[in-house]
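Asker: Quick note: the sequence shown uses our numbering, first residue 192, plus one each step.
Every residue, glycine too, gets a C-beta built ideally from N, C-alpha and C.
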Amino acid sequence: MATMQLHWDIFCRVIDNYGDIGVCWRLARQLSAEHGRKVRLWVDDLTSLLPLCPSVDTTKAVQACQGIDICLWTENIAVDRTGDVIVEAFACELPPKYLQAMAERAEKPCWINLEYLTAEPWAEGCHGMASPHPSLPLTKYFFFPGFSAKSGGLLREARLLNERDQWFTESPAPNCLEISLFCYDTAPVGALLHALGQSPTAVTCYVPHGKPLAAVVAQLGGCGPWQLGKAHIKPIPFMPLDDYDRLLWRCDINFVRGEDSFVRAQWAGKPFVWQIYSQDEEAHLVKLDAFLDRYCAGMDAGQAATMRGMFLAWNTGNGVASAWQDFVADRDFFTRYNRDWAARLASAPDMATALVNFCAAKV
Ligand code: TRH
């Protein structure tokens with residue numbers, strides 16, 4: 192029987208924003224808390240982790256936090272030992288010295304390249320593919336998160352949906368339409384604010400600090416809160432990771448972006464609108480379409496057109512006002528649909544479990 196792969200090293204280079212570290216931190220926490228693994232998280236930018244995990248001390252190169260050893264990844268890290276499993280997040284390229292140490296181990300470690308989430312069908316074909324190192328006796332495996340059993344699944348803590356349901360049971364229904372707005376500063380925020388200002392009923396829109404608030408300030412000036420007709424637009428602080436889940440559960444409609452908040456909105460089981468991370472030559476629109484193909488498959492033609500219309504409007508800036516009207520009108524249906532969608536996704540193994548099992552099978 193294979194020995195337990197106890198020690199895991201996760202390497203994360205922060206490209207921008209919070210998604211790279213958000214995914215790695217969430218994975219590290221789950222491997223430690225649910226799978227009993229000893230995890231070191233190597234990250235090159237501690238300040239990006241701080242808003243998600245306020246107990247991090249950005250002045251410390253090494254520290255323990257929530258059972259994880261967090262290490263600042265600098266050019267010259269000392270390699271005392273390597274993990275039994277090494278997760279190279281998003282092709283961040285391991286330090287050459289570390290790679291050498293991996294190759295020198297008698298029992299070779301399991302080396303994973305964790306890829307970005309995409310619903311595109313080709314990713315299922317590439318999931319688990321092996322790539323031998325050109326000169327060292329090491330093999331790297333490509334691990335693709337995704338929406339089907341043929342992929343590596345989605346990050347989901349074991350307790351998440353029960354906690355969510357408990358929260359739904361205990362929390363009073365809001366007395367107005369509540370929206371959270373997490374987006375890039377390129378989103379057509381002006382058109383959305385205008386549409387909210389026309390709402391016949393009361394709306395509260397929560398806007399986290401950072402790019403979303405900057406986008407709103409660029410439209411409305413000042414520092415808020417703002418009142419537009421019956422819509423109250425309210426700045427809120429950027430919250431620690433688990434508090435953000437509760438905001439998603441609370442709101443009737445969530446605007447999310449990137450990767451991790453996009454997944455969390457799906458677990459919330461509420462209607463959501465996704466701003467995808469923009470790529471050159473509009474490659475992201477293909478990715479967006481691939482997600483919509485899967486996600487809308489259980490809707491009738493009219494509902495699917497409404498959903499597609501809203502996602503496209505939000506990502507292209509065209510036709511936001513009418514897309515929003517249609518979307519809000521179908522909100523009850525989308526709430527029911529998303530609750531089922533989350534349940535369906537949750538019937539597959541979560542990504543951390545899938546990764547543990549995948550690695551165990553490779554030794
Ligand atoms: O921040 P993002 O846009 O991140 C990324 C990066 O840009 C990355 O380079 C890119 O490749 C990727 O998107 C696709 O969006 P994301 O992935 O949703 O990450 C945001 C994280 O911040 C997520 O873990 C949720 C968390 N969060 C909080 O913890 N508190 C908050 O208040 C909010 C608004 C978010």
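#1: Distance check for residue 215 and residue 544, CA to CA, integer angstroms please.
#2: Who pairs with residue 448 in a beta bridge, going by DSSP?
#3: Taking residue 542 and residue 346 to be in contact with their CB atoms under 8 angstroms, please state how far apart those CB atoms are, rounded to whole angstroms.
#4: In whole angstroms, what separates the C-alpha of residue 254 from that of residue 246?
#5: Any heavy atom of the ligand TRH inside 7 angstroms of the beta-carbon of residue 529?
#6: With 16 other CB atoms within 10 Å as the buried threshold, where does residue 418 fall?
#7: Closer than 7 angstroms to a non-hydrogen atom of the ligand TRH - does that hold for the CB of residue 435?
#8: Using three-state DSSP, classify residue 263 as helix, strand or coil.
#9: Classify residue 554: buried if its beta carbon has 16 or more other beta carbons within 10 angstroms, exposed otherwise.
#10: Please report the Cβ distance between residue 506 and residue 457, rounded to the nearest whole angstrom; I am assuming they are in contact, meaning their Cβ atoms lie under 8 angstroms.
#11: What ranges does the alpha helix (DSSP H) occupy inside the region 309–347, keeping only unbroken runs of at least 4 residues that lie completely in it?
#12: Can you have a look at residue 192 and say buried or exposed, based on whether 16 or more other CB atoms are within 10 angstroms of its CB?
#13: Given the structure, does residue 326 come close to the ligand TRH, in the sense that its CB is under 7 angstroms from one of the ligand's heavy atoms?
#14: DSSP three-state call for residue 492: helix, strand or coil?
Answerer: Walking through what the data contain:
#1: 14 angstroms
#2: 466
#3: 5 angstroms
#4: 10 angstroms
#5: no
#6: exposed
#7: yes
#8: strand
#9: exposed
#10: Actually they do not touch by this definition, with Cβ atoms about 17 angstroms apart.
#11: 312–317
#12: Low per-residue confidence applies at residue 192: pLDDT is 40, beneath 50, and the placement is therefore not dependable enough to give any value.
#13: no
#14: helix
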